[in-house]
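In our numbering, the protein residues as written are 63 to 220. Presented below is the structure to which this report refers.
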């Protein structure tokens with residue numbers, strides 16, 4: 063649980079930086095948010111789609127967990143595969159968003175906070191995808207049972 067708390071605090075620091083910068087923009091970035099010359103990404107396009115995909119992956123990994131607890135191996139495998147597909151799509155769309163972003167990391171605090179927060183989140187998703195891929199393989203090999211599946215639960219929590 064301490065690891066999860068540290069992850070929450072890590073990401074909270076990026077949200078804090080964003081809110082501090084946006085609610086009280088300093089003079090050297092023009093005193094406005096987003097800073098002068100920065101074209102912000104619309105939250106209603108690709109970011110909204112990626113949010114929906116991320117929430118859907120949470121639902122599918124929960125489905126897989128319930129299937130494991132219920133002893134339904136095939137259903138759990140399908141749930142995990144769907145979750146991994148969602149994660150790969152999410153990562154691909156985030157990469158596309160990075161390539162097409164109208165600003166760079168060096169474009170004031172706006173670019174720095176955006177790329178650091180979303181970059182670490184993307185890295186987090188990639189690591190989680192690797193963990194869940196290993197869990198899928200282990201589930202296929204019958205390493206998990208209704209009572210013993212902590213490796214899966216740890217990966218799902220991550």
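By construction, the Cβ of each residue, glycine as well, lies at the ideal position given by its N, Cα and C atoms.
Exercise. Does DSSP classify residue 33 as helix, strand or coil?
Worked result: The structure shown does not extend to residue 33, since the chain spans only 63 to 220, so no value can be given for it.
For this session: Rounded to whole angstroms, what's the CA-CA distance from residue 87 to residue 178? Just pull it up for me.
Result: So the alpha carbons of these two residues sit roughly 19 angstroms apart.
For this session: Please report how far the alpha carbon of residue 152 lies from the alpha carbon of residue 122, in whole angstroms.
Result: Going by C-alpha positions, residue 152 is about 14 angstroms away from residue 122.
For this session: Compute the distance between the beta-carbons of residue 148 and residue 103, then report whether it is under 7 angstroms.
Result: Between residue 148 and residue 103, the CB-CB gap reaches or exceeds 7 angstroms.
Exercise. Going straight from the alpha carbon of residue 209 to that of residue 141, what length do you get?
Worked result: Distance between the alpha carbons of residue 209 and residue 141 is about 18 angstroms.
Exercise. By how many angstroms is the C-alpha of residue 184 removed from the C-alpha of residue 157?
Worked result: When the Cα atoms are used, residue 157 and residue 184 turn out to be separated by approximately 9 angstroms.
Exercise. By the 10 Å Cβ neighbour count, where 16 or more other Cβ atoms means buried, how is residue 172 classified, buried or exposed?
Worked result: Residue 172 comes out buried.
For this session: Give every residue of the same chain whose Cβ lies closer than 6 angstroms to the Cβ of residue 170, excluding the five residues on either side of it in the sequence, and list them in chain order.
Result: Cβ within range, chain order: 91, 97.
For this session: Please report the Cβ distance between residue 76 and residue 175, rounded to the nearest whole angstrom; I am assuming they are in contact, meaning their Cβ atoms lie under 8 angstroms.
Result: Contact holds; Cβ gap of about 6 angstroms.
Exercise. Contact check, residue 138 vs residue 201 under 8 angstroms by CB: the rounded distance?
Worked result: Indeed, because the Cβ distance is near 6 angstroms, the residues count as touching under 8 angstroms.
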